[in-house]
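Residue numbers (UniProt numbering): 1 to 357. C-beta atoms are modelled at their ideal positions from N, C-alpha and C, and glycine is treated no differently. Okay, structure first, notes after.
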């Protein structure tokens, strides 16, 4: 029996359709190719801006954590002076500074902060430019240029030199612990280098304090040369900046200046009166030089040889007698009685000789 031609055509179409669906199913069973994860451009922008030294920033405490923050007006001036940083945003490089900052706030790369202390302290004309304590701004998290602070929320990438320094610290600690076994010449180099650096630091701090005191008493100005020398967070350029900051506080009263002048004069007179004489200074110098010589000349060999030389010689017979006496208490008592009788006989002989004479 012959099948109609239409049925064969439908079978062919059905088979071709089933083959195409099978091909699709086989294609869907194949593992999809992993697409390259593209990093957020605003994240890259934030990292680049944070690493740039052109944006002035400070560290502060916010909710029991240290954060790095900047001011809104500094961010605006930075974007004006460095328009090339927008190139990293590609399609969004034409956005305004305020729109870029709002996007960073929306992506939680920034958080707007506010100063904790909002009242003036006694003796100050205005609030601190860089507050040390911040809190999260409770109102709308939007960008503002006037009296607004913004803190970075992501962790900053550590440079290579910090990673190398983290491996160097254990080596330095071990080297410090092994200082007593150094050769004598290495000890001298380390000692004089550390003493020279310490003397330079103390001299710098002393001259800095004397200059501040003299200008405060004579001129009523608060001038700190090397203002960042004792800062906790500062770059090398900021650390060795010589010229002081502008004094924003009120000038001191003449009564306080006169009082501290009298105190300074009294302290200087007391130091001159009770200063050690030449003999005392020579004695202190000799004592310190002996201590330094003991530290420099110490070595394991000298320590072992010194222990052997300092031990007193042992008399074998005395040791044996002492051990035997300790072992037999009766013999000890008999020896004591014998010594007493001998002493009495010698005393009688002396008296008899005196009577004869």
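Residues bridged to residue 134 (per DSSP): Looking at the DSSP assignment, residue 134 forms a beta bridge with 62 and 115.
Identity of the residue in 201, 135 and 216 nearest residue 255 by Cα: Among 201, 135 and 216, the Cα nearest to that of residue 255 belongs to 216.
Where the alpha helix (DSSP H) through residue 254 begins and ends: From DSSP, the alpha helix (DSSP H) with residue 254 extends over 254-273.
Limits of the unbroken beta strand (DSSP E) element including residue 216: No beta strand (DSSP E) holds residue 216; the alpha helix (DSSP H) holding it covers 184-218.
Contacting residues, own chain, Cβ-Cβ under 7 Å from residue 57 (five flanking each side not counted): The residues are 68, 69 and 70.
7 Å Cβ shell around residue 64 - same chain, five flanking residues per side excluded: So no residue of the chain qualifies.
Buried versus exposed call for residue 100 [16 or more other C-beta atoms within 10 Å across all chains shown]: Classification of residue 100: buried, given that the 10 Å Cβ count is 16 or more.
Cβ-based neighbour list, residue 49, same chain, cut-off 7 Å, excluding 5 preceding and 5 following: Result list for residue 49: 55 and 85, in chain order.
Range covered by the beta strand (DSSP E) that runs through residue 161: Where residue 161 is concerned, there is no enclosing beta strand (DSSP E), although the alpha helix (DSSP H) it sits in stretches over 160-177.
Residue 289 (DSSP reduced to helix, strand or coil): In the three-state reduction of the DSSP assignment, residue 289 falls in the helix class.
Cβ contact check for the region 201-219 and the region 257-271: 3 or more pairs under 8 Å: Judged by Cβ distances under 8 Å, the region 201-219 makes contact with the region 257-271, as three or more pairs qualify.
C-beta contact flag for residue 109 and residue 153 at 8 Å: In contact: residue 109 and residue 153 (Cβ atoms closer than 8 Å).
Residue 4, DSSP secondary structure in three states: Since pLDDT at residue 4 reaches only 49, below the 50 mark, its modelled position is unreliable, and no value is offered.
Reference residue 244, options 229, 253, 251 and 257, closest by Cα: With distances taken between Cα atoms, residue 244 lies closest to 229.
Coarse secondary structure for residue 283, derived from DSSP in three states: In the three-state reduction of the DSSP assignment, residue 283 falls in the helix class.
As assigned by DSSP and simplified to three states, the class of residue 157: When secondary structure is reduced to three states using DSSP, residue 157 falls in the coil class, being assigned neither helix nor strand.
First and last residue of the uninterrupted beta strand (DSSP E) at residue 150: Its beta strand (DSSP E) spans residues 149-152.
Rounded C-alpha distance that separates residue 76 from residue 145: Going from the Cα of residue 76 to the Cα of residue 145 covers about 7 Å.
Beta-carbon proximity list for residue 224, same chain, < 8 Å, skipping 5 on both sides: Result list for residue 224: 208, 212, 244 and 245, in chain order.
Under 8 Å between C-beta atoms of residue 151 and residue 116: Not a contact, by the Cβ cut-off of 8 Å.
Pairwise C-alpha distance: residue 172 and residue 161: Distance between the alpha carbons of residue 161 and residue 172 is about 16 Å.
Residues near residue 249 in its chain [Cβ-Cβ closer than 8 Å; skip 5 each side]: So the qualifying residues of the chain are 123, 124, 125 and 222.
Opening and closing residue of the alpha helix (DSSP H) in which residue 229 lies: In this chain, residue 229 is not harboured by any alpha helix (DSSP H), its DSSP state being neither H nor E.
Extent of the continuous alpha helix (DSSP H) to which residue 102 belongs: 97-106 is the span of the alpha helix (DSSP H), which, as asked, contains residue 102.
Residue 67 in three-state terms, based on DSSP: In the three-state scheme derived from DSSP, where H, G and I count as helix and E and B as strand, residue 67 is classed as strand.
Under the three-state DSSP convention, the category residue 55 falls into: In the structure shown, the three-state DSSP call for residue 55 is coil.
Length of the line joining the Cα atoms of residue 259 and residue 268: Cα to Cα, residue 259 sits roughly 15 Å from residue 268.
C-alpha gap between residue 91 and residue 81, whole angstroms: Whole-angstrom Cα-Cα distance: 21 Å.
Residues near residue 190 in its chain [Cβ-Cβ closer than 8 Å; skip 5 each side]: Counting only Cβ-Cβ distances below 8 Å, and skipping sequence neighbours, we find 179 and 182.
Residue 187 versus residue 127: straight-line alpha-carbon distance, rounded: C-alpha separation (whole angstroms): 52 Å.
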